Structure formats: C-alpha cells, structure tokens
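Engineer: For the sequence shown, our numbering gives the first residue as 3, with consecutive numbering after it.
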Amino acid sequence: MVKIVPMLLMPISNGVSWYLICKKSPGGDQAYALLQNVWKIALFYMVWALYNKYLNGRPQELGHISTGLLALTAYFQKKYLAMGACGLVVLNFAVVIPVIINKGPGGMAKLVYKEVTALSLTWAYIFIAYILSNVVLWSFVLYRLYQEVVVPTQAGGSTGGGSYVPVADEEAAAL
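Here you go:
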C-alpha cells in the first residue's frame, strides 16, 4: 500500500534541499556555509533511509550509510572527506537508474507495491523524478565543494580553502 506522507515528502524534501544548496552565504567561507546546510540535509535523508529500512520494510536500503557519513563529515567540516562522502551519496542514488530504465514507471510500481494502480504509478513517477533530481543535486554539491575547496580561490572570492598542496610539497617549501 502506498503511503501518502512519504510520497509527498520526496518532492518537498528535494525542493527544500535544492533551495538550501543553491542559496549563497552573504560573505565569508562559502564552503563552511555550504557544509552547514549539507549536514542538515544529509541527516534528514539518513533518518529517512533508516525509516525505510526498519519501519517501512525495505531491508535492502543502504542510504543511511552514505548520507550518515556525509552528515558527519559535513558537520565536522572535513571538506575533502565530505567530497568523498558526497560522491557515495551520488552513487547511492545513481545505482537505481538502471532499474528505472529497465522497468519504467509501471515496472517500478509493480516491483515495490506488487500492483499497478493509479496511486502506485503516481508514486513511481514521483520516485523517478526524486532519484534523478537527487543525482543532479548531490553532483552539484560535489561540484560546489570542489569549486570552494580544491580550485584556487579568486580575488574577492571565497576563502574556501584554496588549492590542494601535497604534504611533501609543503615540507619542501618549508626547507
């Protein structure tokens, strides 16, 4: 049976996530501001994945691992680790795409709810849009982190950490 609240939470949570990720901080460290939003979004998705796994009867759900790791690394401002965790979140959403392509909306409804009704088909379309939107969202987060942390900062731009300098180069420069 399709549960209405989780079905409605997919587009609502995704819209709020897009808003929080796209908004810019009025100044200062953009990477810090971005990670402040990322950990909150990732924590929500971790709790949602745990709900799906333990209370909604989906034992195959593994999203709590990648989103939990992202929530932790973003909360503690571990920028490079957060980038890696974000990549895992992208992968977590992307692995569903071949199933979506193979089964289509009707097949997804039948796979999850064992029957195709108007409500389960509506769920399937929302779910497909949710998955695709999240692949793009978390890829965009990864891109923004890369721009703020790895790419050298431009004059008057963010102080997000500058470019990566290997430890060996730092030691050689100190000599």
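Glycine is no exception: its CB is placed at the ideal position from the N, C-alpha and C atoms.
Note that the structure is a prediction, hence the values are computed from the model and not measured.
Among Pro100, Ile128, Met9, Phe142, whose alpha-carbon lies nearest the alpha-carbon of Trp20?
Structural biologist: In the sequence shown, the residue the question calls residue 20 occupies position 18. The candidate whose alpha carbon is nearest that of Trp20 is Phe142.
Engineer: In the DSSP assignment, find the alpha helix (DSSP H) that holds Arg146 and state where it starts and stops.
Structural biologist: Here residue 146 refers to the residue found at position 144 when the sequence shown is read from its first residue. Under the DSSP assignment, Arg146 falls in the alpha helix (DSSP H) whose first and last residues are 120 to 147.
Engineer: Between which two residues does the alpha helix (DSSP H) harbouring Gly108 extend?
Structural biologist: The count along the sequence shown starts at 1 and reaches residue 108 at position 106. DSSP places Gly108 inside the alpha helix (DSSP H), whose first and last residues are 99 to 115.
Engineer: Note the first and the last residue of the continuous alpha helix (DSSP H) segment covering Leu64.
Structural biologist: As a working mapping, residue 64 is identified with position 62 in the sequence shown. Note, Leu64: premise wrong, no alpha helix (DSSP H); not H, not E.
Engineer: Is it buried or exposed, Thr69, if we count other Cβ atoms within 10 angstroms and call 16 or more buried?
Structural biologist: The count along the sequence shown starts at 1 and reaches residue 69 at position 67. By the 10 Å Cβ count, Thr69 comes out buried.
Engineer: Would you call the segment 41 to 50 in contact with the segment 67 to 85, where contact means no fewer than 3 C-beta pairs closer than 8 Å?
Structural biologist: yes
Engineer: Quick one: grab the DSSP three-state call for Gly17.
Structural biologist: The residue labelled residue 17 in the question sits at position 15 within the sequence shown. Note: Gly17 maps to helix in three-state DSSP.
Engineer: Tell me the DSSP secondary structure of Ile6 in three-state form.
Structural biologist: The sequence position of residue 6 within the sequence shown is 4, counting from 1. It is helical.
Engineer: So, under 8 Å CB-CB, Gly144 and Gly89 are touching, yes? Tell me the CB distance rounded to an integer number of Å.
Structural biologist: Locating residue 144 in the sequence shown gives position 142, counting from the first residue. Locating residue 89 in the sequence shown gives position 87, counting from the first residue. One point to set straight first is that residue 144 is Leu, not Gly, in the sequence displayed. Yes, they are in contact, since the Cβ atoms of Leu144 and Gly89 sit about 6 Å apart, within 8 Å.
Engineer: What do you reckon, are the CB atoms on His66 and Met85 nearer than 7 Å?
Structural biologist: Taking the sequence shown and counting its residues from 1, the one referred to as residue 66 is at position 64. Taking the sequence shown and counting its residues from 1, the one referred to as residue 85 is at position 83. Not closer than 7 Å, so no.
Engineer: Would you identify the three-state DSSP class for Lys42, choosing helix, strand or coil?
Structural biologist: Counting from one through the sequence shown, the residue named residue 42 turns up at place 40. Of the three classes helix, strand and coil, the one that applies to Lys42 here is helix, per DSSP.
Engineer: Mapping DSSP to helix, strand and coil, what is Lys26?
Structural biologist: Position 24 of the sequence shown, counted from the first residue, corresponds to residue 26. Note: Lys26 maps to coil in three-state DSSP.
Engineer: Gln32 by DSSP, collapsed to three states: which one?
Structural biologist: Position 30 of the sequence shown, counting from 1, holds the residue named residue 32. Gln32 falls in the helix class under three-state DSSP.
Engineer: Which term fits Ala87, buried or exposed, when burial requires 16 or more other beta carbons within 10 angstroms of its beta carbon?
Structural biologist: Looking up residue 87 in the sequence shown gives position 85. With 16 or more Cβ atoms within 10 Å of its Cβ, Ala87 is classed as buried.
Engineer: How about the segment 103 to 113 and the segment 124 to 139: do they share at least three Cβ pairs that are nearer than 8 Å?
Structural biologist: Using a C-beta cut-off of 8 Å, the segment 103 to 113 makes contact with the segment 124 to 139, since at least three inter-stretch Cβ pairs fall below that distance.
Engineer: Check each candidate in Leu134, Thr119, Lys80 and name the one with the smallest Cα separation from Pro100.
Structural biologist: Sequence index remark: in the sequence shown, residue 100 carries index 98 (1-based). Considering only alpha carbons, the answer is Leu134.
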